[in-house]
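Worksheet: one structure, shown below.
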Amino acid sequence: MIGEQRSGITEAKKQDREQIIRVENCSVVFGRRGQQALQMRRSGKNKAEVEKETGSTIGVYEADFEVERGEIFVIIGLSGSGKSTLLRAINRLIEPTEGEVYLGGEHVSGMSSKQLRELRRKKIGMVFQHFGLLPNRTVLDNISFGLEIQGVPKEQRRKSAEETLDMVGLQGQGEKLITELSGGMKQRVGLARALATEQEILLMDEPFSALDPLIRRDMQNLFLSIQGEVKRTVVFVTHDLDEALTLGHRVAIMKDGEIVQLGTPENILREPANEYVERFVEDVDYAKVRQAESVMVEAKEVAYINEGPTVVLRRMRQAGMSHMFVLDSERRLVGLCEAEEVARLAERDERELRDAVDDGTPKVQRRTPLREVLPLFVEEGDTPVAVVDEDERLEGVIVRGALIAGLTTSAEPNDEGDEDFSGVGARETSGVRPDGGGGE
Amino acid sequence: MLALLQSELIPSIPLAEWTESAVDWVTDNFDGVFDVLDSAIDLVVGSLEHILLAPPALVMVAILGVIALLLAGWRVALFTVLGLVFVISLGLWEAAMQTLALVLAATIVALAIGIPIGIIAAKSEAVEAVIRPILDIAQTMPAFVYLVPTVVLLGIGAGPALIATVVFAMPPAVRLTMLGIQQVPKDTVEAAHAFGATPWQTLFKVELPLSLKTIMAGVNQVIMLSLSMVVIAGLAGAGGLGEPVVAGLSQLDVGVSFVGGVGIVVIAIMLDRITRALARQDGGAPRFFSRGKGAGTDATEGKA
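Protein sequences appear in the order of chains A and B. Residue numbering for the first sequence is 14 to 453, as defined by my numbering. Residue numbering for the second sequence is -3 to 300, as defined by my numbering.
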């Protein structure tokens, strides 16, 4: 499930690499002598020294990043690392001391408070750790809050609120009071409120941290499936590394107000930029204990080498797959074909599929450690990896999302999950939390 | 020896004389203003009194009973009706309505001034720092002290009574409004900002609704404090239930005093129960037939 959405998003990204959020050299200092504190920091003093001498705290120091349309950009760090401050600097809930923020080409830093309000109404939705809902209102009235602020007529905002209510799975609960809901349900309302105004940017401040682990997992899946439909540009703050690596297309790790590493989840797991990141991610190294079979799923649709391109293309379209493994008559793996290639052959009325088949596609065996599977994805991009037995017969496939989930979580590596995990799960520590897990 | 030293070292401050001359100066220079103020107050309190006394007593009892029923449930309504009939039988109806008019007028003025001040103080630390000691002084200063200058300025009647009552009764409105707004969860206010709410929208859609319970507790306090000023108002010649009490005091007539006191108690309990029911509501519609003790019933209903 996760894998499908992810490949959908990367597809969209290929067509459209538009930058929606650009943060340039952004610093936030709390306290009066902001500029002075930054000067001192630049001259080489660390955060603690600056704080001692000026009494000002550097919340964020020279953060620099862009987020593309449809991307999920995760900011992760321990408490006090400045991640929530950086998030708030984007919509100026906290005023940056220095640096520029651009949203969709508009220069946010230079806006008057009226322009800023307009921007927040039309372009940005936000979800909060402690929900920030109005307990005196019903679910529907909470969801339509953003629209109410914009002055949308009552009938219309009720209609949009009801649509969003369905989206987050709260059908029929619109008239309940917030006080009657559980934490997970409340955050569904929080998410719906942020989605109801149909802005393109979604800022999420540890949205699932206050929920218990099982609910959190549900909410992550819900969020991914909604994101697959609405494709917002998301900045997501968390202190939970599992969450960061599962959800993020790219992850920024923060320490003492600075981004110490920024990269894809694979990147960060494989090449920690420094000792800090290494320590941060070391507990997550499930790659050492996990094997390919724990994250593989059944190949539901395959092509056979003696089939014609038109037939295969039709099947790929029906299944919504961009890649399909090609087998011979004994289910031995021949290679991988890509929809575009197959379509080209079909157009030319070719009888043979052979020309579209890439026979160098990576393949692994059931017992291959995930550590060795991971580099295949880094090199090959998003194409799935085949799992074969000794006789080269196809046993299953591994998709990117499931792999990352498998690297970062101790249970339920995939939705189909009918393999036997005994002996694997037992050795692993449950959920990894850089905070030391005190957040419940 | 020591006494001599003390009188040499510590100068005596003629605060009493200063105050007196300040009041004199104000009287001399702003006499016209106070005349207008006095007649304005007389007009407001007088017309409220007139409205309350216009219908036959029993009709008014029924009206107040229905109001209590709508706002606070049948138990309070029953008490209101029985209590007011008792007041009629004591021969205090007119005095009770005069008192009610004065209390209502004082409450409205106190809230109209107190709630906005509370809102401003909640948002500005500087204002809060100035307001707090003033509130402390206003509340601890014996009420008689306000009465004298206001009587000097406005003469005998409802005017000085109302002003003294407002000064004395306003602090809880300020304090509890401030408290209520400061207690609104930061996340919720931040959410309003994040969705582009203007400061006014934040105030009216988020902060005031979420602090309504606390503010209503303040309203209840204001009303109770206003009532406690009734006797003092009687001294200033404002009429009402304070009058028999004061009369009884000066004539050493225990009976008259006691009857007046009982009337005050009835009105006090009635007003207290009604306004407390308001404070308990979760911001929803008023509840019609609740079971008297409403505290916490909302929560249990939610679980059912």
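Where is the CB? At the ideal position from N, CA and C, for every residue including glycine. These numbers were taken from a predicted model, which means no experiment stands behind them.
Item, Value
"Through-space distance from A/A205 to A/I191, alpha-carbon basis", "13 angstroms"
"For A/L340, the three-state DSSP class (helix, strand or coil)", "strand"
"Test: A/E425 CB closer than 8 angstroms to a CB of chain B", "Confidence in A/E425 is poor, its pLDDT being 41 and thus under 50, which makes the residue's placement unreliable; the coordinate value appears in the next sentence. Not an interface residue."
"Under the three-state DSSP convention, the category A/K268 falls into", "strand"
"Minimum length 4: unbroken alpha helix (DSSP H) runs contained in the region 17 to 81 of chain A", "47 to 55 and 60 to 67"
"Straight-line Cα distance separating B/W14 from B/M225", "27 angstroms"
"Ranges of the beta strand (DSSP E) found wholly within the region 347 to 418 of chain A, counting only runs of at least 3", "376 to 378, 398 to 401 and 407 to 411"
"CB contact below 8 angstroms: A/G196 versus chain B", "no"
"Contact check, B/V301 vs B/G114, beta carbons under 8 angstroms", "Examination of residue 301 of chain B is not possible in this model, given that chain B is present from -3 through 300 alone."
"Close-in-space but distant-in-sequence residues of the same chain around B/I118 (CB under 6 angstroms, 5 per side omitted)", "Note that residue 118 of chain B is Ala in the sequence shown, not Ile. Closer than 6 angstroms at the Cβ level, and outside the excluded window around B/A118, lie M174, I177 and Q178."
"Straight-line Cα distance separating A/V264 from A/A399", "27 angstroms"
"Where the region 144 to 158 of chain A meets chain B: residues whose CB sits under 9 angstroms from a CB there", "F144, G145, L146, L147, P148, N149, R150 and F158"
"Beta-carbon separation (whole angstroms), B/V145 vs B/V261, contact threshold 8 angstroms", "This sequence places Pro at residue 145 of chain B; Val is not what is there. Not confirmed; about 30 angstroms, so no contact."
"Meets three-Cβ-pair contact criterion under 8 angstroms: the region 178 to 197 of chain A and the region 157 to 170 of chain A", "no"
"Positions along the region 64 to 76 of chain B whose CB lies within less than 9 angstroms of some CB in chain A", "none"
"Supposed close pair A/I88, A/L260 - CB separation, criterion 8 angstroms", "With a Cβ gap of about 12 angstroms, A/I88 and A/L260 do not count as contacting."
"Range of the contiguous beta strand (DSSP E) that encloses A/G112", "E111 to L116"
"Cβ of A/M337 within 8 angstroms of any chain B Cβ", "no"
"Cβ neighbour criterion (16 or more within 10 Å) applied to B/I111", "buried"
"Distance, B/A193 Cα to A/D428 Cα", "Residue confidence is low: A/D428 scores 40 on pLDDT, short of 50, so the model does not pin down where it sits. Its coordinate-derived value is still stated next. Near 41 angstroms, if we compare the C-alpha coordinates of B/A193 and A/D428."
"Sheet register partners of A/G83 (DSSP bridge)", "Beta-bridge pairing links A/G83 to no other residue."
"Own chain partners of A/G47 with C-beta closer than 7 angstroms, once the 5 adjacent residues on each side are dropped", "S69 and T110"
"Classification of B/V32 by the beta-carbon crowding that lies within 10 angstroms, buried from 16 upward", "exposed"
"Where A/G430 falls, given that 16 or more other Cβ within 10 Å makes a residue buried", "Caution is warranted here: a pLDDT of 37 is assigned to A/G430, below 50, making its placement in the model unreliable, and the coordinate value is therefore given only provisionally. Exposed is the call here."
"Buried versus exposed call for B/Q328 [16 or more other C-beta atoms within 10 Å across all chains shown]", "With chain B represented from -3 up to 300, any question about residue 328 of chain B goes unanswered, as that position is not in the structure."
"Beta-carbon contacts of A/V401 that lie in its chain and below 7 angstroms, excluding the five residues immediately before and after", "L346, K376, Q378, L407 and E408"
"Cross-strand partners of A/L455 (DSSP beta bridge)", "Residue 455 of chain A lies beyond the range of chain A shown here (14 to 453); nothing can be said about it."
"Test: A/R130 CB closer than 8 angstroms to a CB of chain B", "yes"
"Under the three-state DSSP convention, the category A/R283 falls into", "helix"
"Pairwise C-alpha distance: A/R245 and A/Q32", "12 angstroms"
"Neighbourhood of A/A332 by C-beta distance below 6 angstroms, restricted to the same chain and skipping five residues each side", "E314"
"Boundaries (first-last residue) of the alpha helix (DSSP H) holding A/F221", "First-last for A/F221: undefined, no H or E at that position."
"Alpha-carbon to alpha-carbon, A/L91 and A/N287", "16 angstroms"
"Paired residues, beta bridge with B/V123 - DSSP", "Answer is none; B/V123 lacks a bridge partner."
"Distance between B/F191 and A/R133 (C-alpha atoms, nearest Å)", "5 angstroms"
"Bounding residues of the alpha helix (DSSP H) (the contiguous stretch that carries A/S157)", "That residue, A/S157, is in no alpha helix (DSSP H); it is neither H nor E in DSSP."
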